[in-house]
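In this note's numbering, the protein residues as written are 18 to 205.
Think of the CB as a built atom: it goes at the ideal place given N, C-alpha and C, for glycine as much as any other residue.
Written out below as C-alpha cells is the structure these notes cover.
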C-alpha cells in the first residue's frame, strides 16, 4: 500500500509518482522515501538553494515532518498514481511494476478544488494518469505539457523526469525541469 496522499486544501499543483519501494528501501514514512531518490534534494535546490535542506541531520534520511509542513504551506499536493501494485522484482523500478488498482483520481481532485496542474514523476506515472483521463492525448515526452480532462475538470499535465538515481539525468538538470514546472504554476 502506498503512503496516503497529502492533499492540502490550498494546493494548486500536485506531484504524482507511482508506488513506493519495498519497506527495506525506505528511509522515512512518506512519499519518495528512498534516500537514493533525489526528489527532496530537487525540492531543496529549487525552493531553498540547498539540496540538503530536507535531510534529517546527518542521517541517511529525509525529514518527513519538515517536508509535509513545507508542502502544506506552499500548496503542493503529493499523491501516488497507484493504490495497489505488485513489484515483480522487489525493487523500485517501474519497469517491473504491475498496477493492480490505480488512484481514484476523481476523488482526489474533488479534495483539491484549486488544483490546476499535475506533474508526473516519470513515464509509468504518466501512463497510469493518462489511462484515467477522458479522451487522453498520446503520451507526452519528458518536459511536455498536455491538457487532461477528468469530467468537468481540465488539468495541465507535465511529464517530469524521474528523480530516481537510475534515470540518466544530472541532479541539476532534474532540478531545472521541476523548477520550470513550479515556475509555470506560479509557485516561484
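Can you give the beta carbon distance from residue i to residue j, rounded, assuming they're within the 8 Å contact cut?
{"i": "residue 129", "j": "residue 94", "result": "6 Å"}
{"i": "residue 85", "j": "residue 24", "result": "Going by Cβ atoms, the distance from residue 85 to residue 24 rounds to 11 Å, so no, they are not a contact pair."}
{"i": "residue 55", "j": "residue 162", "result": "Not a contact, Cβ separation roughly 22 Å."}
Just reading off the beta strand (DSSP E) that residue i is part of, what are its end residues?
{"i": "residue 177", "result": "170-177"}
Between the options, which has its C-alpha nearest residue i's C-alpha?
{"i": "residue 142", "options": "165, 22 and 176", "result": "176"}
{"i": "residue 126", "options": "51, 91 and 28", "result": "28"}
{"i": "residue 78", "options": "174, 20 and 43", "result": "43"}
{"i": "residue 21", "options": "57, 81 and 54", "result": "81"}
{"i": "residue 150", "options": "159, 158 and 173", "result": "173"}
{"i": "residue 34", "options": "41, 45, 40 and 19", "result": "19"}
{"i": "residue 183", "options": "48, 53, 31 and 92", "result": "53"}
{"i": "residue 190", "options": "31, 46, 32 and 62", "result": "62"}
{"i": "residue 96", "options": "193, 70, 123 and 72", "result": "123"}
{"i": "residue 69", "options": "198, 152 and 188", "result": "188"}
{"i": "residue 134", "options": "45, 197 and 73", "result": "197"}
When we look at the beta-carbon of residue i and count the other beta-carbons within 10 Å, is it buried (16 or more) or exposed?
{"i": "residue 138", "result": "buried"}
{"i": "residue 203", "result": "exposed"}
{"i": "residue 98", "result": "buried"}
{"i": "residue 178", "result": "buried"}
{"i": "residue 166", "result": "exposed"}
{"i": "residue 65", "result": "exposed"}
So the alpha helix (DSSP H) residue i belongs to, where does it begin and stop?
{"i": "residue 139", "result": "Residue 139 -> no alpha helix (DSSP H), and no H or E assigned at all."}
{"i": "residue 166", "result": "Note, residue 166: premise wrong, no alpha helix (DSSP H); beta strand (DSSP E) at 162-167."}
{"i": "residue 205", "result": "Per DSSP, residue 205 belongs to no alpha helix (DSSP H) and is neither H nor E."}
{"i": "residue 127", "result": "122-127"}
{"i": "residue 133", "result": "Here residue 133 belongs to no alpha helix (DSSP H), and DSSP marks it neither H nor E."}
{"i": "residue 60", "result": "56-65"}
From the DSSP secondary-structure annotation, give me the bridge partner or partners of residue i.
{"i": "residue 94", "result": "31"}
{"i": "residue 79", "result": "72"}
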